[in-house]
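Chains as they are written, first to last, in the numbering used here: chain C, 3 to 257; chain A, 32 to 303. Using N, Cα and C, we set each Cβ at its ideal position, and we do this for glycine too. For clarity, every value in this text was computed on a predicted model and none was experimentally measured. Structure first, commentary second.
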Amino acid sequence: MTAPLIEATGLSVGYDHAPPVLRNVTFTLHAGEIVTVVGPNGSGKSTFVRALLGMIRPAAGQVMRRKGLRVGYVPQKLHLDANLPLTVARFLRLNQRLDDTQVQALLARTGVPLLAAREMVTLSGGQFQRVLLARALANDPHLLVLDEPTQGLDQPGMADFYRLIEALRTDIGCAVLSVSHDLHVVMSASDRVICLNGHICCEGAPSVVSNAPEYRALFGLGTGGALALYQHHHDHGADHPDHTHDHTEACAHDT
Amino acid sequence: MTLDPFILRALVAGVLVALAAGPLGCFVVWRRMAYFGDATSHAAILGVALALSFDVSVFAGTLATALTMAFIIAAMVGRGWAMDTMLGVLAHSALALGLVAVSFVPGVRVDLSLYLFGDILTVTTADLAVMAGGVAVILGLLIWRWQGLLTATISDDLAQSMGINPARERLVLTVALSVIVVVGLKVVGALLIAALLIIPAATARVYARSPEGMAWLAVWVAAMAVIAGVFGSLTWDTPTGPSIVSAAAAFFVGSLAGKAVQRRVWPSEPAR
Numbered sequence: 003m004t005a006p007l008i009e010a011t012g013l014s015v016g017y018d019h020a021p022p023v024l025r026n027v028t029f030t031l032h033a034g035e036i037v038t039v040v041g042p043n044g045s046g047k048s049t050f051v052r053a054l055l056g057m058i059r060p061a062a063g064q065v066m067r068r069k070g071l072r073v074g075y076v077p078q079k080l081h082l083d084a085n086l087p088l089t090v091a092r093f094l095r096l097n098q099r100l101d102d103t104q105v106q107a108l109l110a111r112t113g114v115p116l117l118a119a120r121e122m123v124t125l126s127g128g129q130f131q132r133v134l135l136a137r138a139l140a141n142d143p144h145l146l147v148l149d150e151p152t153q154g155l156d157q158p159g160m161a162d163f164y165r166l167i168e169a170l171r172t173d174i175g176c177a178v179l180s181v182s183h184d185l186h187v188v189m190s191a192s193d194r195v196i197c198l199n200g201h202i203c204c205e206g207a208p209s210v211v212s213n214a215p216e217y218r219a220l221f222g223l224g225t226g227g228a229l230a231l232y233q234h235h236h237d238h239g240a241d242h243p244d245h246t247h248d249h250t251e252a253c254a255h256d257t
Numbered sequence: 032m033t034l035d036p037f038i039l040r041a042l043v044a045g046v047l048v049a050l051a052a053g054p055l056g057c058f059v060v061w062r063r064m065a066y067f068g069d070a071t072s073h074a075a076i077l078g079v080a081l082a083l084s085f086d087v088s089v090f091a092g093t094l095a096t097a098l099t100m101a102f103i104i105a106a107m108v109g110r111g112w113a114m115d116t117m118l119g120v121l122a123h124s125a126l127a128l129g130l131v132a133v134s135f136v137p138g139v140r141v142d143l144s145l146y147l148f149g150d151i152l153t154v155t156t157a158d159l160a161v162m163a164g165g166v167a168v169i170l171g172l173l174i175w176r177w178q179g180l181l182t183a184t185i186s187d188d189l190a191q192s193m194g195i196n197p198a199r200e201r202l203v204l205t206v207a208l209s210v211i212v213v214v215g216l217k218v219v220g221a222l223l224i225a226a227l228l229i230i231p232a233a234t235a236r237v238y239a240r241s242p243e244g245m246a247w248l249a250v251w252v253a254a255m256a257v258i259a260g261v262f263g264s265l266t267w268d269t270p271t272g273p274s275i276v277s278a279a280a281a282f283f284v285g286s287l288a289g290k291a292v293q294r295r296v297w298p299s300e301p302a303r
């Protein structure tokens, strides 16, 4: 087995004098893996990803990234000023050189082949997300990082997007690290789900329940199995035997 | 028609300012820093007062106060202050304080309107040299950092993920905005520098199809406004700085009207 892409040990991150947002997190990401990080708002998910990518310096612990690691980053939805004239093609060329054929190929790959000449501010939420993804694929990444990629998409849109990610992973073999604030519904292709709330509360595989009637009741038939449920198994949840405990509280008390 | 040397110098000064104000104004518009430009340029009046009292060059005085103001604001933005009110406080306090300070300057009564509204027709060859230096600094910074500036303007996160430090890009803009105050002081004056940043950029936006195209177009609009303003001011004996800004405003209205007509004549063009 090849060396892991990213290996974090005893990672703590804080801002200024506030108590640390992340405490003692140890995490390994292997090539080709799909990992979904879930957690409530303010649980340090984005901070975790930024620390892994070296965008912020940890207060303690260390992060080892494989040498020459290429990362494709899909940020949370951008707020573009309408006064910035920016076509999709020009956006893809931000800080990188791409010819027209490469731009077309990237857009075709993410299912939006006709958008190259459109202005970014005129795109729908789903189109915008796919353009962000296309840009992230330009450097042929080993790792695709998605920060809340499905924010503002409806459930079929979310399922479509997850299916696309799954196909891309199969295609180019990149690992995927995806962050979501949805605690219970995750990409069914996830190899691992990590529940974060300042520390790693629990981790495991999503339950593949797409044939169960409860799943159909929740998602209908339009999502084609791209979404799955994640059941939280917290070892400190003894007083909540049925796992329906208030997740935020239970985790916040743990150290 | 022959041009008097002072008119020629005025035109050269105006075109110099336009070269820098075009692209810099685009960033002010894209990043919604309009009020930032106001505060920095209003601080220039305080710099004028200090320069006159300590008998140093007015350029040096304005650069010092503009830089100080710009860094105070940049630091406050970095700490997450609610800036709308604070900028209002800073901008107007700096202006008022400057006006009060000027009245304490002993000796000759200073003609303040020169610094408030500029007087491009009094630009000297030495002034032109300083302005050319300032414009070279601004254009050098903007061209050198263009990709990084643009990426950080679109998203700090995206920039960081590409190894661009958004704080450094903000610093570049902070410095450039301070230098433009010095460059523009004699052309349109402290009160109207922000207008020369914003109006040409806003005019260019109507027709631009790319960030670079918008910066270029803004340079042209600003330069034409300067030329129209200078000759308008000579023809009708109006104050030059306000005439330049009025010309820019007329171009802005004209560009909107032109776009509306264009939409009507070729309605098939995709809406923007």
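Relative to Gln-98/C, the option among Ala-138/C, Thr-112/C and Gly-44/C whose CA is nearest is Ala-138/C. Of the other Cβ atoms in all chains shown, 16 or more fall within 10 Å of the Cβ of His-201/C; this residue is therefore buried. When 7 Å is used as the limit between beta carbons, Asp-83/C is near these residues of chain A: Trp-61 and Arg-63, in chain order. Check the Cα spacing between Thr-96/A and each of Asp-86/A, Ala-70/A and Val-219/A: the tightest is with Ala-70/A. Under the DSSP assignment, Thr-38/C falls in the beta strand (DSSP E) whose first and last residues are 36-40.
Per DSSP, Cys-204/C is not a residue of any alpha helix (DSSP H); the beta strand (DSSP E) it occupies stretches across 202-206. Exclusion of the five residues before and after Gly-34/C leaves Gly-175 and Ala-177 as the residues of its chain whose Cβ lies within less than 6 Å of its Cβ. In the structure shown, Gly-63/C falls within a strand segment according to DSSP collapsed to helix, strand and coil. Nearest C-alpha to Gly-92/A among Arg-110/A, Ser-72/A, Met-107/A and Ala-106/A: Ser-72/A.
The continuous beta strand (DSSP E) containing Tyr-75/C extends over residues 73-76. Setting aside the 5 residues that flank it on each side, Asp-149/C is surrounded in the same chain by Ser-48, Val-51, Val-76, Pro-77, Gln-78 and Val-181, each with a C-beta closer than 7 Å to its C-beta; the list follows chain order. Taking all protein chains shown into account, Arg-110/A has fewer than 16 neighbouring C-beta atoms within 10 Å of its C-beta and is therefore exposed.
Residue pairing for Phe-29/C: DSSP places it in a beta bridge opposite Ala-10/C. One alpha carbon belongs to Leu-155/C, the other to Leu-81/A, and they sit about 57 Å apart.
At least 8 Å separates the beta-carbon of Gly-68/A from that of Val-257/A. Interface annotation, Thr-89/C: in contact with chain A, CB-CB separation under 8 Å. Pairwise C-beta distances place the region 280-287 of chain A out of contact with the region 152-168 of chain A, as fewer than three of them are shorter than 8 Å. Linking Val-133/A to Ala-221/A through their CA atoms gives a straight-line distance of about 14 Å. Within the region 129-212 of chain C, complete alpha helix (DSSP H) segments of at least 4 residues are found at 157-174, given in chain order.
In the DSSP annotation of this structure, the continuous segment of the alpha helix (DSSP H) that includes Trp-247/A starts and ends at 242-267.
Beta-bridge partners of Val-15/C (DSSP): Leu-24/C.
With its beta carbon at least 8 Å from every one in chain A, Asn-26/C lies outside the interface. Straight-line spacing of the CA atoms in Val-296/A and Thr-116/A works out to 44 Å. Taking C-beta atoms as the reference points, Val-123/C and Ala-84/C count as a pair closer than 8 Å.
Contact check for Val-23/C against Leu-13/C fails: the beta carbons are separated by 8 Å or more. With contacts defined by Cβ atoms closer than 8 Å, Leu-248/A and Leu-55/A do not form a contacting pair.
A distance below 8 Å between beta-carbons, with the five flanking residues on each side excluded, links Arg-236/A to the following residues of its chain, in chain order: Val-60 and Met-245. Within the region 50-61 of chain C, Leu-55 and Met-57 place their CB atoms closer than 7 Å to a CB of chain A, listed in sequence order. Listed in chain order, the beta strand (DSSP E) elements of length 3 or more contained wholly in the region 175-236 of chain A amount to none. In this chain, the alpha helix (DSSP H) harbouring Phe-282/A covers 271-296. Selection Leu-146/C, His-186/C, Gly-128/C and Leu-185/C evaluated against Gly-159/C yields Gly-128/C as nearest (Cα-Cα).
Annotated as distal: Pro-273/A and Val-252/A, with beta-carbon spacing of 8 Å or more.
Per DSSP, reduced to three states, the secondary structure at Leu-109/C is helical.
With respect to the 8 Å criterion, Leu-198/C and Ser-45/C are classified as neighbours on the basis of their beta carbons. A direct Cα-Cα distance of roughly 6 Å separates Gly-16/C from Ala-61/C.
Counting only residues of its own chain and dropping the five nearest sequence neighbours on each side, Ala-101/A has a CB closer than 7 Å to the CB of Thr-71, Thr-205, Leu-208 and Ser-209.
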